[in-house]
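In my numbering, the protein residues as written are 2 to 240.
Glycine included, C-beta positions come from ideal geometry on N, C-alpha and C.
Please read these numbers as outputs of a predicted model, since none were measured by experiment.
What follows is one structure encoded as structure tokens, with my remarks underneath.
Spelled out as structure tokens, the structure:
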């Protein structure tokens, strides 16, 4: 299945082994909480402001605006440049029927000065490294482009919060008390916003971004009388 879709090098469809461990390692280096706070807070704040401004101007387009904003954020975070409409269309294709956008180096642009996932990861390799290590970074970067999951979280949050005005009011008052009305909350405020943190966790609990988790077995097995061939894809339902 993964091979037919062109996604055999996607992190989510990589058989368990050294390559998958390398994928996880390179992703964790840029996605762990301390690094996110240190390196990506400004980008998150910038995109948050842009999202809020766009929603104020065209609230009726909230679905499209949220998806476009998230796709822009992922491309900037991953490759360090602001995508145009063509890049956004290609990013949206990742969640549909092609692995075209997962090809290594397809999204790289020379001369980019903005810090990005790819830039930081390649710098971390040092002078002596092999092409396989570069491939790991490129395909890990391509795997980040599935922004549909993040869009679903945002839409789930909006649908939930509008139906719970009491929760919305309490969250708003906490932001006013901690941040004030002159700026948006950012990652540096997170430890002082416990109620907001609970809302975020509850949304992820009720509406997980990735409800289906893929796993593969490295050897043939029998489960309740059913034969599971080696390297089968087992899909776990988080719900």
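Beta-bridge partners assigned by DSSP to residue 222: 229. Here residue 11 is near residue 140, since their CB atoms are less than 8 angstroms apart. With respect to the 8 angstroms criterion, residue 71 and residue 56 are not classified as neighbours on the basis of their beta carbons. In the three-state DSSP reduction, residue 211 falls in the coil class, being neither helix nor strand. In the DSSP assignment, residue 41 forms no beta bridge with any residue. The beta carbons of residue 45 and residue 187 sit about 7 angstroms from each other, so the pair counts as a contact at 8 angstroms.
About 6 angstroms separates the Cβ atoms of residue 79 and residue 117, confirming a contact at the 8 angstroms cut-off.
Here the alpha carbons of residue 215 and residue 176 stand approximately 38 angstroms from one another. Three or more beta-carbon pairs separated by less than 8 angstroms link the stretch 193-210 to the stretch 158-168, which places the two stretches in contact. Here the C-alpha atom of residue 20 lies approximately 18 angstroms from the C-alpha atom of residue 119. Nearest C-alpha to residue 197 among 180, 212, 213: 180. Nearest to residue 17 by C-alpha distance, out of 237, 233, 154, is 233. Put simply, the backbone Cα of residue 228 is about 12 angstroms away from that of residue 235. Straight across, the Cα-Cα distance linking residue 60 with residue 173 is about 19 angstroms. CA-CA distance, residue 64 to residue 74, rounds to 16 angstroms.
Secondary structure at residue 239: coil, using DSSP grouped into helix, strand and coil.
A Cβ-Cβ contact shorter than 8 angstroms links residue 154 with residue 204. Here residue 231 has 218, 219, 220, 221 as same chain residues with Cβ atoms under 8 angstroms from its own Cβ, once five neighbours each way along the sequence are excluded. Residue 164 has its alpha-carbon roughly 31 angstroms from the corresponding atom of residue 38. Under DSSP, residue 217 forms a beta bridge with 234.
Considering only 131, 86, 51, the residue with the shortest C-alpha distance to residue 184 is 51.
Between residue 122 and residue 27, the CB-CB gap stays under 8 angstroms. Counting only residues of its own chain and dropping the five nearest sequence neighbours on each side, residue 223 has a CB closer than 8 angstroms to the CB of 229. Excluding five sequence positions before and after residue 193, the CB atoms of its chain that fall closer than 6 angstroms to its own CB belong to 179, given in chain order. Taking C-beta atoms as the reference points, residue 14 and residue 137 fail to come closer than 8 angstroms.
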